[in-house]
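Going by this note's numbering, the residue at position 221 of the sequence shown is 294; the numbering climbs one at a time, nothing skipped. In this text, a Cβ means the ideal position worked out from N, Cα and C, and glycines have one as well. Okay, so here's the structure we're looking at.
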Amino acid sequence: MTVDVGQSGFTTPIHDATSSVSSEVLQHNKRQTWDVPSHFEMTHFHKPSTSQNISQRHLMKNSHRLPQSYTRFSPARGMSMKHFPCALYQRLTQTGLSHRAYTTGSFTVKDTLIDWRGKLEAAQVPEADLAVEHIMSHILGVPQELEKLTSVVLSKEILTEVDRLMTCRLARMPLQYILGEWDFHSVTLKMRPPVFIPRPETEQLVELALECLQGIHTPRVLEIGCGSGAISLSLLHSINNLQCVALDQSKHAIELTKLNASNIGVNDRLLLVEGKVTSEMMPCLPRVHFHLIVSNPPYVLRKDLLNVQPEIKIYEDMRALDGGKDGLDVIKAILIHSHRLLLDKHSVILEVDPCHRYLIPVWLEKQPSLKVKFTEVFKDFNGKDRFIKFVKS
């Protein structure tokens, strides 16, 4: 790929990586332009008609809030449609999983929530309450006011959309993919399969990185394995003069990070590089030294991959999880390359498996040529040893 380093910092061209939408939404968007917020933007509830019926008009009015993938879902290149249950919706309706007799009576928000909560719980889908509330709030465009609308009657069009998205969750599609976006740290990120979904613990990694960068006038950061861009974009959003290089081996991850960077408005300070990091190989990077290397690398031990949830196994890119036999394949590669990429006395911060706090020091003792010292271990919300800080001597 082409890499430009401008006078103002790292730059990368941003292009439209979104999928196609339905003709109705396209016609709607021709009439009105929707601005993408730089961070949190609370959507507003459009008061229903006096009959308390949320109609097709309301659905179309809020259609811009639905991820485009809901309207016409396209799988990632090279992946089969069988992996994406939205495509199975029409077949599932015939089984009774999502079909309702619309002509037999009215369905309120409360009725629909109870109905789908029961279906998800019966199928042993985790966090059924969270799923039904998030999906209903998303469709109605009322992120904080759902409890006020329990008696509102839903139209057939709204119920059809609810059933479609709930069916996706019934088939274990992650909620983040269904909603198409998710809040992380200080930013809201677009989400789509198969790009790895950032976990809440990784917000702690961002905080640790911000602490390391305090007092540096124009910090330069390298992120290895950017995924959706969660870490890099949170740092860029938090520090106005920060410059960041982010790399990932997944083309889908690079494209999604480009989209998120453009939406947040930090693309002029971000350079994206597509490539794989191994102990023997590092993609071509700008000839600069960094103040910080940060990564949430693939660190799951291969034996533990057998136990991951269906949400992960079916939908997410397993390359973002598979750390090899001991979970250290990419971690070792990062540390091997860090001695030539880092400025002296500066840090590498990694998210790791709890067992790595014991394995990494043993490995480092056998690498006397590496000028990187194991310095601190930090625990996550659950009290597990989740983050390790290294310093270049």
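One question on the structure: do residue i and residue j come within less than 8 Å of each other, judged by their Cβ atoms?
i, j, result
"S368", "E296", "yes"
"L219", "E206", "yes"
"I448", "K462", "Strictly speaking, residue 448 in this sequence is Thr, with Ile absent from that position. Result yes, Cβ atoms of T448 and K462 sit closer than 8 Å."
"S307", "V268", "no"
"V425", "I337", "no"
"R272", "L315", "no"
"E204", "E194", "Strictly speaking, residue 204 in this sequence is Ala, with Glu absent from that position. Not a contact, by the Cβ cut-off of 8 Å."
Could you round the C-beta distance between residue i and residue j to whole angstroms and report it? I think they count as a contact, below 8 Å.
i, j, result
"K405", "S352", "6 Å"
"V467", "S420", "Look at the range of the chain in this structure, 74 to 466, and you will see that residue 467 is not part of it."
"L437", "D399", "No, L437 and D399 are not in contact; Cβ-Cβ is about 14 Å, not under 8 Å."
"C285", "I187", "Rounded, the Cβ-Cβ distance is 48 Å, inconsistent with contact."
"S311", "N333", "Not quite, the Cβ-Cβ distance comes to about 15 Å (not below 8 Å), so this is no contact."
"M42", "Q249", "Summary: the structure shown does not reach residue 42, with the chain confined to residues 74 through 466, and so no result is reported for it."
Please confirm whether any heavy atom of the ligand ATP lies closer than 7 Å to the CB of residue i.
i, result
"C241", "This structure lacks the ligand ATP, and indeed carries no ligand of any kind."
Can you tell me where the alpha helix (DSSP H) with residue i in it begins and where it stops?
i, result
"I422", "Careful: I422 lies outside any alpha helix (DSSP H), inside the beta strand (DSSP E) at 415-424."
"R430", "429-438"
"Q249", "248-252"
"C23", "Residue 23 falls outside the range modelled here, since the chain spans only 74 to 466, and no answer is possible."
"L193", "182-195"
"K446", "Element bounds for K446: not the alpha helix (DSSP H) but the beta strand (DSSP E), 445-452."
"K331", "324-337"
"I208", "201-213"
"E230", "229-243"
Excluding five sequence neighbours on each side, which residues of the same chain lie with their C-beta closer than 6 Å to the C-beta of residue i?
i, result
"V346", "L320, P356"
"V182", "L222, T223, V225"
"L238", "I208, I251"
"V450", "R430, D458, I461"
"P140", "With a pLDDT of only 38 at P140, under 50, the local geometry of the prediction cannot be trusted, and the value read off the model is given with reservation. Closer than 6 Å at Cβ, skipping near neighbours: G253."
"T291", "N314"
"D467", "Since the displayed the chain opens at 74 and closes at 466, residue 467 lies outside it and no answer follows."
"H258", "E276, V279, S307"
Given this structure, state the Cα-to-Cα distance separating residue i from residue j, to the nearest angstrom.
i, j, result
"G214", "H412", "49 Å"
"E328", "G253", "15 Å"
"D256", "L262", "6 Å"
"E389", "V435", "32 Å"
"T168", "N313", "Because T168 carries a pLDDT of 41, less than 50, the predicted location of this residue cannot be relied on, and the following value inherits that uncertainty. Their backbone Cα atoms lie some 53 Å apart in a straight line."
"R242", "L309", "32 Å"
"Q197", "A244", "11 Å"
"I60", "K439", "No answer is possible for residue 60: the residues shown for the chain start at 74 and end at 466."
"A393", "S179", "45 Å"
"S305", "C299", "7 Å"
"K324", "E274", "25 Å"
"A282", "K386", "29 Å"
"V350", "P216", "40 Å"
"N455", "S228", "43 Å"
"T330", "K192", "35 Å"
"T185", "P199", "18 Å"
"P266", "I409", "31 Å"
"M485", "C428", "In the structure displayed, the chain extends from 74 to 466; residue 485 sits before or after that span and is not available."
"L232", "T240", "12 Å"
"M391", "A326", "13 Å"
Just to confirm my understanding: we take residue i, look at its own chain, exclude 5 residues before and 5 after, and list those with CB closer than 7 Å. What are they?
i, result
"D395", "P371, V373, R375, L378"
"S466", "K444, K446"
"G348", "L320, Q322, P356"
"L414", "L295, H362, F363, I366"
"V318", "F83, L295, L344, V346, L358, P359"
"K452", "D458, R459"
"P469", "The structure shown does not extend to residue 469, since the chain is modelled only from 74 to 466, so the question has no answer here."
"S68", "Coverage of the chain is limited to positions 74 through 466, which leaves residue 68 absent and any answer about it impossible."
"V339", "L306, L309, H310"
"R293", "Q316, V361, F363, H364"
"D417", "K465"
"I289", "H364"
The beta strand (DSSP E) with residue i in it runs from where to where?
i, result
"H364", "363-368"
"V260", "260-263"
"L320", "316-321"
"R459", "458-465"
"I297", "293-297"
"E347", "343-347"
Can you find the residues in the same chain that come closer than 8 Å, C-beta to C-beta, to residue i, ignoring five residues on each side of it along the sequence?
i, result
"R190", "A201, D202, V205"
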